[in-house]
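Q: The opening position of the sequence shown corresponds to residue 6 in the working numbering, with each subsequent residue numbered one higher. Even glycine gets a Cβ: it sits at the ideal position worked out from N, Cα and C. Computed from a predicted model, the values in this text were never measured in an experiment. Quick one: this structure, given as structure tokens, is what I'll be asking you about.
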Amino acid sequence: MVVRLSERRPEVSPDRLLSECVPPPRFADVRFGTYRPDPDEPSQAEALAVLTARAARLATPRPTPSFWARLRPARAAPGKPGIYLDGGFGVGKTHLLASLWHEASGPKMYCTFVELTNLVGALGLRTAVEALSSYRLICVDEFELDDPGDTMLISRLLGQLVDAGVEFAATSNTLPDKLGEGRFQAVDFLREIQGLAARFDVRRVDGPDYRHRGLPVAPDPWPDEKVEQEAAVRRNASCDHFVDLHRHLAELHPSKYGALLDGVETVAITDIRPLTDENVALRLVVLADRMYDRNLPLLAGGVPLDQLFSAQMLKGGYRKKYLRALSRLIALARAA
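The structure is reproduced here in structure tokens:
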């Protein structure tokens, strides 16, 4: 029986949200030993050495503080409490980040920046701080600032968790003092960005920049009738009209998008249309990430996927998000 994602209303407990903060399946087995630095890019070997050394320290459990120690802020580890890998797409940053997570002792957390903001939004800042203050390490992939509200929220979260002795590791395609550049110029926003940057030891990981690579060519879309017929014969497939799906996403907290896909093995979407609303587009980006994490083939009808985001969107402040989503959706469509 075909599932309609637009008819699902999953409820997600805080325990589930936290338990799912682990590397996605495609990075479940990576380790430092499986990372192959490019001999022509010495920064890759340098980043590997720095993270390997940090992992050796993080492999030991956090010491249990005494009663009196609990009354004062935790003493920070030597150096900055965070390490930040900056570099283009495809140079192995996520491989290194996931390897660090695998080596560290628990409790520990791995998520994307979007997942972290969604988690805090679902739990509330106070509850999130209480839940994460005992963690040894928090890894944040694809660190990116979407708006001043997110920046200030995560800055407060990181500040309180650093005071509690939590360490951080993050990756991004943009240096931390440049995050948000070209979008917002408010003085408070810039102050928050500088505060975040001061917490990280920045390590550049060089390699071919993804902006010099062409976006993969989208496969030809299927007729809607064929999408529906194929979904009907595939095991545990979902099938939704594009408009029904994106309207439904607007009614769900993004932290529930993963649960929306529970039990689904193939996603089918009919009548995909070009987007003009940035809010709708950003919700689709989050759904694309959750689909990609689960490696769900995509049966797509309507316009070709490379026409999903307008030319103006692909030149704007969220350009990297949209290009990443297109790359992932096209890969999933080819897998179908």
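Report the three-state DSSP secondary structure of His258 (helix, strand or coil).
A: coil
Q: Excluding the five sequence neighbours on either side, which residues of its own chain have a C-beta within less than 6 Å of the C-beta of Cys144, listed in chain order?
A: Leu102, Trp106, Tyr115, Ala174
Q: Can you tell which of Pro44, Val232, Leu63, Pro309 has the C-alpha that lies nearest to the C-alpha of Gly86?
A: Sequence check: residue 86 is Pro here, not Gly. For the residues Pro44, Val232, Leu63, Pro309, the minimum Cα distance to Pro86 belongs to Leu63.
Q: For the putative contact between Val207 and Tyr89, defined by C-beta atoms under 8 Å, what is the C-beta separation to the nearest angstrom?
A: With a Cβ gap of about 5 Å, Val207 and Tyr89 count as contacting.
Q: Under a three-way DSSP split, which group does Asp155 fall into?
A: helix
Q: Put Leu4 into one of helix, strand or coil per three-state DSSP.
A: An answer regarding residue 4 cannot be provided, because it is not within the stretch 6 to 341 covered by the chain.
Q: What distance in whole Å lies between the Cβ atoms of Glu147 and Thr122, which are believed to be in contact at a cut-off of 8 Å?
A: About 11 Å; that fails the 8 Å criterion.
Q: Should His251 and Leu289 be called a contact, given that it needs their Cβ atoms to be closer than 9 Å?
A: Yes, these two residues count as a Cβ contact at 9 Å.
Q: Under 8 Å, with one C-beta from each stretch per pair, do the stretch 152-169 and the stretch 48-59 reach the 3-pair mark?
A: no
Q: What residue from Lys113, Asp229, Val269, Pro112 has the CA that sits closest to Pro309's CA?
A: Asp229
Q: Considering Lys320, what are the terminal residues of the alpha helix (DSSP H) in which it resides?
A: Run containing Lys320: none; DSSP gives neither H nor E here.
Q: Count the other C-beta atoms from every protein chain shown that fall within 10 angstroms of the C-beta of His258, then say buried if there are 16 or more, exposed otherwise.
A: Classification for His258: exposed.
Q: Inspect the beta-carbon positions of Ser48 and Asp294 and report whether they are closer than 9 Å.
A: The Cβ atoms of Ser48 and Asp294 do not sit closer than 9 Å to each other.
Q: Please classify Met318 as buried or exposed, where buried requires at least 16 other C-beta atoms within 10 Å of its C-beta.
A: Met318 comes out buried.
Q: What is the DSSP secondary structure of Gly129, counted as helix, strand or coil?
A: coil
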